[in-house]
Structures are given as C-alpha cells and as structure tokens.
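Novice: The opening residue of the sequence shown carries number 625 in this note's numbering; numbering runs sequentially from there.
A virtual CB, placed ideally from N, CA and C, is assigned to each residue, including glycine.
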Amino acid sequence: MVERISTKIICVLISLIFFASCGKQTELKEGLAGVYFSNLDFTGPKLFDIVDKLDKKWGKENGFSTEWSVEWNGYLIAPVSGEVNIYLETNKQAKIVVGSADTLVSNNDSGRTFSINMNEGEKYPIEIYYAHVDGGEGFLKLLWNWNGKEPVIISQNNLVYSEEDEAKWDWVIEPAKERVDKSQFQYAKGKNVVIAYDPNYFYGWPANQGIWSWENEILVGIMRGNYLFDVLHHSIDRDNQVALVARSLDGGETWNIEDPENFVTDPGKPAPIKVSIDYTNPGLAIRHERDRFYYSYNKGKTWNGPFTFTGINMGELTSRTDYNTIDRNTYLAFLSRIDNKVKSNLPDRSFCAKTTDGGKNFQFVSWMTETDTVRSVMSSTIRLDNDHLVSALRRRY
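#1: When you compare only the Cα positions, how much space is there between P930 and N1010?
#2: For W836, tell me which candidate among V888, N922, K801 and I777 has the shortest Cα-Cα distance.
#3: Looking only at its own chain, which residues have a Cβ that is under 6 Å from the Cβ of L868, when we skip the five neighbours before and after it?
#4: Excluding the 5 residues preceding and the 5 following Y903 in the sequence, name in chain order all residues of the same chain whose CB lies nearer than 8 Å to its CB.
#5: Measuring alpha carbon to alpha carbon, tell me which of L843, Q865, W838 and F988 ends up nearest N824.
#6: Counting beta carbon pairs with one atom in the region 706–724 and one in the region 786–794, are three or more of them shorter than 8 Å?
#7: Do you know whose CA, among E788, N697, F763 and N769, lies nearest E751's CA?
#8: Buried or exposed: V844, going by 16 or more other Cβ atoms within 10 Å of its Cβ?
#9: Let me make sure I understand the geometry here. Which of A977, S1000 and T997 has the alpha-carbon closest to that of V989?
#10: Should P775 and Y821 be called a contact, given that it needs their Cβ atoms to be closer than 8 Å?
#11: Beta carbon of D676, beta carbon of G655: below 8 Å?
#12: Can you tell me whether S573 is buried or exposed? The criterion is at least 16 other CB atoms within 10 Å of its CB, across all chains shown.
#13: From the DSSP output, in three-state form, read off E654 for me.
#14: Assess contact between the region 991–1008 and the region 689–703, defined as three or more Cβ pairs (one per stretch) separated by less than 8 Å. Is contact present?
#15: Does E839 come out as helix, strand or coil in the three-state DSSP assignment?
#16: Taking the C-alpha atoms as reference points, what is the distance between V1001 and A957?
#17: W793 lies in the alpha helix (DSSP H); which residues open and close that run?
#18: Does Q865 come out as helix, strand or coil in the three-state DSSP assignment?
#19: For a minimum of 3 consecutive residues, which ranges assigned as the beta strand (DSSP E) are wholly contained in the region 881–958?
#20: Alpha carbon to alpha carbon, how far is E744 from V659?
#21: By Cβ distance below 6 Å, which residues in the same chain neighbour G892 in space, the five residues on each side in sequence not counted?
#22: Using the rule of at least 16 other Cβ atoms within 10 Å of the residue's Cβ for burial, across every protein chain shown, is Y753 buried or exposed?
#23: From this set, L1017, N985, K984 and L970, which residue's C-alpha is nearest W991's C-alpha?
#24: Ends of the alpha helix (DSSP H) at Q833?
#25: Take the Cβ of V636 as the centre, count every other Cβ of all protein chains shown within 10 Å, and call the residue buried at 16 or more, exposed below.
#26: Would DSSP call E774 helix, strand or coil?
#27: By DSSP's criteria, G849 is part of a beta bridge. Which residues make up the other side?
#28: Starting from E751, trace the beta strand (DSSP E) in both directions and tell me its first and last residue.
#29: Pick out whichever of I901, K653, N769 and D805 has its Cα sitting closest to the Cα of N741.
#30: Sorted by chain position, which residues of the same chain lie with C-beta nearer than 8 Å to S705's C-beta, five sequence neighbours on each side aside?
#31: Could you give the DSSP three-state label for E744: helix, strand or coil?
#32: Residues bridged to A977 by DSSP?
#33: By Cβ distance, which residues of its chain are closer than 6 Å to I701, with the 5 residues on each side in sequence left out?
#34: Answer with buried or exposed for S730, where buried requires no fewer than 16 other C-beta atoms within 10 angstroms of its C-beta.
#35: Please classify A657 as buried or exposed, where buried requires at least 16 other C-beta atoms within 10 Å of its C-beta.
#36: Rounded to a whole number of angstroms, what is the C-alpha to C-alpha distance between R1020 and Q808?
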C-alpha cells in the first residue's frame, strides 16, 4: 500500500471533507484505532493498538527494530476555523489520508508541510499508514499550527475513533474464562521441566524440529539464537541461529544440550539419497527441514544428509518433522507446501507422501486437509491401527 520510492519518502494525501453524523449517534473515544502488521505490505495483523499521541518512536529498545507496518483510523477534530498547517516528520515511509484522497503531496524530505481549511470542532476522517522499511530506528511525528503559533504534536484530545473503527481491527475476542465449563475438558497429569535456558539466547520450536524417544531416552530438536526483543515476531536474531538437540536419559527429568555433526544449520547442499534408509533400525531418527531431510542411526548423535524428497515436485516445501515408518523400506512423510490457493496470509497446506524404496523416491499420496480455505501446517501424526491415522495440525484463517 505504501510504495517504495526511496528509503525515506513521505506520501501525503489530503482533502477537505466535512464529517457529518447522521442517524444514530456513534460513541467516540479518544485516540485512533489500528493494528500493527508483521509485514511491510500491511498483511499479517499482529497487535491491536490505540494511538493517543502522534509522536512515535520505534527501535530495538521497545521491540520494533525489524520490518513491519501499522495502520490507524479515526477522526481528526479541527482545533480552529481557518487554515491549519500540518507537518509530517518521519525517517521511513508514511501516508496520511484526511477525507477523500484528491490531493497528493510527496517529498523525500522529512518535515513536509501542507495546509487545509477546517471548521473548529468538526471531525474529519483520517487514515495513517506507516511502513518501518529496513528496520532499525524509526519515528513518526504529526504536528500542526495555525495563526503563526509554534507547531505542536497533534494530541489525543483532537483524535477520536468510533466503535466501528475499533471493531474493524480488534476482532479477536478473548473468552470469558469464568464462563468456561471446565468439566468438558480431559486433563492429563504432567510435570513441566525446563530443557534449555539462558537469558542471552532464544530457544524454541521443538514442534518444528522434532521429538524422538527410545524407552526412557528422549531427544528434542531446538533452535538457538541470540535474544532480540521483538513485539511482532519471535524474539530471535534470525541471522545467527543454530540447530541443536536436547537429550534426556531419565524420561525427561534432566537434559543435556548437544550440537550434533552434520545437522540442519551446518553447510550442505541437498541431493538425492543413494543408499536406502533402513526404517527398522533401532536408533533411527529422521528430521524434515522444509524441502530436505536428514537421518540418524545412532539416536541423533550424528546425522546423514541433507537429502531431497525426490519425486515431490510441488513447489516450495515448508515441511516440519512428522513421519510414520511401516517396514524396512517404507514410510509415510507428512509434509507441507506453499499453496497460494489457500485463503490465508500464510498459505501452507499439509499433505502425505510415501516412499517404498528407503527414501530414494517419494510419491504424493493425499492432502491432509479437505479444504484450502485455511492454513494447515506443523502436523503431528500417530497411527491407531493398520488403516487409521490421527493428526493434529496448526490451522490459521
């Protein structure tokens, strides 16, 4: 929505339209209602927000140092009657719409000034778009002045939003916990144990990396990266990640972190496998990583790979670790791919593939979800009997 003309650009659309209420009186609240998006193109809504003052700073300190965008809507209350000068200051990209967009002003210099005629106390629809291009430190200021006075920040007293503006963005309704009938749930007794902790690092995603077990021995795949506070994304430095495993020999009571040889983040180009995998090997562990896989015969101490899912020509794969072995040469791989027909911001769709020759060739078996109306990914599948499998998947509309 905000086109990149340069890393520092201001696009301002201004027109004068009187906002007249008609019919039922709408309750107005102070501020502007909006939402932060995880992507620059105003997709991936993450955080509902009410802005109370148009003087914003973002960066590493407050967890907004990556790329993202934000949009706010509401009404601007005119402070006086007559000509009002508005100043827009930013080091990123911003677009302001007041009324209808019939005047376009763009300038590469922060601090662009424009003037409009207003009637004191009247309300004008306003939209604000900001894109935090290239990450780092950013700011947005919207000031105004009239009658030769010093410019001041447009404050909360002159910003209002309606119930309709709020409903547009704050669509996620939290359940009233006191009204939930807890008797309908089945509870399993369990114990929480910390596998890995260091205040300087982010550890995460065993659901992506894989969990394996051999009687009382458990192996968990994890990613570790430098901790980077981020409000809209995972708080990890994406440029410095390493794939590790955590091992327990006492049923999960105590854990040790290992950095195995030839694992996911180690160098290596995926290639077709030449020697068939023995899926009955007692120390077998298989790790799926998007369009490739690894395997181990010694319970994850060392790994072979990466190898391709030869025969699966379905575009970009986003596979996590989920599989079911059948016999020495046969196993089912539960994978996922990007399917742009999926009506979701993250268009993954899960499917089942099969190999009967130890991983040399794979064939598509079936989609795991009956519809492409929502995302499906990160499956976790168990076999009930020869003909029945049950899988839990992550879904998102």
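Specialist: This is what the structure holds:
#1: 30 Å
#2: N922
#3: I846, R848, I881 and D883
#4: T949, I950, D951, R952, N953, T954, Y955 and G982
#5: Minimum Cα distance to N824 is reached at Q865.
#6: Touching, no, given that fewer than three Cβ pairs across the two stretches are closer than 8 Å.
#7: It is N697.
#8: buried
#9: A977
#10: No, these two residues do not count as a Cβ contact at 8 Å.
#11: yes
#12: Since the first residue of the chain shown is 625 and the last is 1021, residue 573 is not available in this structure.
#13: strand
#14: no
#15: coil
#16: 13 Å
#17: E787 to W793
#18: If DSSP states are grouped into helix, strand and coil, Q865 belongs with the strands.
#19: 909–913, 916–920, 928–932 and 947–949
#20: 29 Å
#21: P930
#22: buried
#23: W991 has its Cα closest to that of L1017, out of L1017, N985, K984 and L970.
#24: P830 to Q833
#25: Low per-residue confidence applies at V636: pLDDT is 37, beneath 50, and the placement is therefore not dependable, though the value from the model is reported in the following sentence. Buried is the call here.
#26: In the three-state reduction of the DSSP assignment, E774 falls in the coil class.
#27: For G849, which the question treats as bridged, DSSP gives the partners F826 and Q865.
#28: Element bounds for E751: K747 to A755.
#29: N769
#30: M742, N743 and E744
#31: coil
#32: A957 and F988
#33: Hits under 6 Å: K747 and N782.
#34: Because the pLDDT of S730 is 40, which lies under 50, any placement of that residue in the model is unreliable, and the question is left without a value.
#35: buried
#36: 24 Å
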